Amino acid sequence: MRHVPGDLLKGGHLVGGRWVGAAGGGAAEVANPATDEVLATVPWGGGEDARRAVDAAAAALPEWRARTAAERAEPLRRLASLMLERREDLALLMTLEQGKPLAEARGEVAYAASFVDWAAEEGKRLYGELVPSSHRDKRILVLRQPLGVTAAITPWNFPAAMITRKLGPALAAGCAMVVKPAPQTPLSALAVGALAEEAGIPPGVVNVVCGDAEAIGDALLADPRVRKLSFTGSTEVGRILMAKAARNLTRLSLELGGHAPFLVFDDADVDAAVAGLLASKYRNMGQTCVCPNRILVQGGVYEAFVDRLAGAVAALKVGPGWEEGVRIGPLVDDEAVAKVERHVRDAVSKGARLRAGGERVRPGAGLADRFFAPTVLEDFTPDMELSHEETFGPVSPVRRFETEEEALELANDSPYGLASYFYTRDAARLIRVAEALEYGIVGANDGAPSTAQAPFGGVKHSGFGREGGRYVMDEYVNVKYVSWGGL
Ligand code: NAP
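If you want it as structure tokens, here you go:
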């Protein structure tokens, strides 16, 4: 197998343009979830590391903020280009530390770069307004100005894209940022930091620190210079951060958990629906916030849909992500496999019927025990754990419905509101159902709705804030007005 070139394999924190160890000297190993092989050692920091990173960001801010949007866009576009030029290396690094198949990792690198590229252009369109006043001698000038120092705390499931969705718009708006990546996947984050440096983004504008999440999060939220925290992760941690953000009234974007419904109506193209479900459910081994967790199929196409789905799922190749043709790699850690196993056992003990998979598999010698066969379960019911909790694994629970009204009631019966999907060929139903789904994202005959041009984000317990689209810039600016009198 190829190796990741040394210039992308960083073993230090990026603070103020320098690669440094943790303030307390701590270090942590990063291991390949498919083999347990240690890939690298990174610093394991805490509050002091976060404070030093905020110092660096605050020092870099004035010059970066003073630039024109076009001057900021130039190194940002270079960063996006470098990510694409180094796509193979970044993808391999991601597969090795996170587990996703190489083809998906290549896709994520391009997806991650697209957010930087998109934001670089959107930064040029941070228009203000001149508003007519109710007084003859006044005008109101509205400005959108960068927030200042910002922070990002990110999860392991999209090690590059979850960072660039925040970093791109923050920098394009004129903010500096401190990033704390997940402990399972710091190497991709540090590699993005290395490319940001190479692209000519000034020292201190991008900082990456790893380590104790609570200590780093607390230090960021205790520091009044940090004007915004953008968090992607679980609803549980989102709540904790929101409570702590109250202290300095730190602005938040919270991209939290989901529990997506996937509806297939009698008038759907069944093959397209199966293909859509394979794409949205089994990507990243089912470890995405937009993964369907409740597949609801109308009676007329139920048997055909489940038969085709079970056949297609059983054919998905399981193995280490770097092997040709693999669609299902290892889950990220032991805890993740244990949760999937628990959900499947619980469902089966309460009457669900297995149609594919259902257990761990060993796809080769010398591999870790973290591979779970892609699974299809029929007849899930509300009392099963997987009906209301994210499984975060390759498991499709399916059940039948009879009417559109019943389907919508089941679909909206969740505290989460991130992604939802439905398949129909009826134009009136398409509008009706899209409007009735209480979710931030609706894939209508589309199993892969995420893209840099769209405002990704949730409602209810899935959080608030939007990433992508033109709306993302609002997350990183203050709106100020100047009441201009004496005209
Ligand atoms: P997580 O446990 O909430 O962790 C996310 C990040 O928060 C990690 O970097 C974690 O570091 C850190 N963290 C944990 N406790 C913290 C605390 N008290 N203070 C500050 N930081 C803290 O989530 P995960 O298991 O990594 O990711 C999976 C979750 O993310 C799922 O619920 C998924 O749906 C959600 N997600 C949402 C989106 C979206 O856009 N809505 C996208 C992807 C994933 P440590 O691991 O070191 O604790």
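Here the numbering used here is used: the first residue of the sequence shown is 222, the next is one more, and so on.
Positions of the beta carbon are idealized from the N, C-alpha and C atoms, including for glycine.
Remember, it's a predicted structure, so these values are computed and weren't measured experimentally.
Contact fails between the segment 450–465 and the segment 482–490, because fewer than three Cβ pairs, one in each stretch, are under 8 Å apart. GLY232 and ASP276 have their C-alpha atoms spaced approximately 21 Å apart. If the five residues before and after THR453 are omitted, its C-beta is found closer than 6 Å to the C-beta atoms of THR375, PRO376, MET383, GLU476, all from its own chain and listed in chain order. Distance from VAL565 to PHE526 at the Cβ level is roughly 20 Å; contact not present, criterion being Cβ atoms closer than 8 Å. Within the segment 398–438, complete alpha helix (DSSP H) segments of at least 4 residues are found at 407–419, given in chain order. With a threshold of 7 Å, the Cβ atom of GLY479 counts as near the ligand NAP, since some heavy atom of the ligand is closer than that.
Collapsing the DSSP output to three states places LEU651 in a helix. DSSP places GLU580 outside any alpha helix (DSSP H), giving it a letter other than H or E. Cβ-Cβ distances below 8 Å link ASP647 to PHE486, ASP488 in the same chain, with the five nearest sequence neighbours on each side left out; the list follows chain order. In the same chain as THR509, and ignoring 5 residues on each side of it, the C-beta atoms closer than 7 Å to its own belong to ASN378, in chain order.
Secondary structure note for VAL619: its beta strand (DSSP E) is the uninterrupted segment 616–622. For the ligand NAP, no non-hydrogen atom lies closer than 7 Å to the CB of ALA669.
Under a 10 Å Cβ-count criterion, ALA278 is classified as buried, with 16 or more other Cβ atoms of the shown protein chains found around its own Cβ. Counting only runs that start and end inside the segment 305–384, the alpha helix (DSSP H) elements of at least 4 residues fall at 308–319, 323–343. Taking a 10 Å sphere around the C-beta of HIS224, we find fewer than 16 other C-beta atoms and assign the residue as exposed. If you draw a straight line from the Cα of GLY706 to the Cα of GLU659, it comes to about 45 Å. LYS571 and LEU629 have their C-alpha atoms spaced approximately 24 Å apart. Per DSSP, reduced to three states, the secondary structure at SER455 is coil, with no helix or strand assignment. If you draw a straight line from the Cα of GLU292 to the Cα of ALA533, it comes to about 49 Å.
A residue is called buried once 16 or more other Cβ atoms fall within 10 Å of its Cβ, and VAL400 is buried on that count.
In this chain, the alpha helix (DSSP H) harbouring ALA274 covers 268–287. As the crow flies, the alpha-carbon of LEU362 is around 49 Å from that of ALA324. Between ALA440 and ALA675, the CB-CB gap reaches or exceeds 8 Å. Shortest gap from the CB of VAL330 to any heavy atom of the ligand NAP: 7 Å or more. At a Cβ-Cβ threshold of 8 Å, CYS512 and ALA481 count as neighbours. Around the Cβ of LYS701, a 10 Å sphere holds fewer than 16 other Cβ atoms; the residue is exposed. In this structure THR262 is not in contact with GLU318, their Cβ atoms being roughly 13 Å apart against a cut-off of 8 Å. Taking C-beta separations shorter than 7 Å and ignoring five residues to either side along the sequence, the partners of GLY238 in its chain run GLU418, PRO424, GLY425, following chain order. CA-CA distance, ARG529 to GLY661, rounds to 29 Å.
If you check the CB distance, ASP567 and ARG581 do not come in under 8 Å. Inter-segment contact for the segment 338–353 and the segment 688–703 is present: three or more beta-carbon pairs are separated by less than 8 Å. No residue range can be given for ARG223, since it is assigned to no alpha helix (DSSP H) and is classified by DSSP as neither H nor E. Relative to the ligand NAP, GLU258 has its C-beta separated by 7 Å or more from all heavy atoms. As for any beta strand (DSSP E) of minimum length 3 sitting wholly inside the segment 522–603, the runs are 574–577, 596–599, ordered along the chain. For THR262, the shortest separation between its Cβ and any heavy atom of the ligand NAP does not lie below 7 Å.
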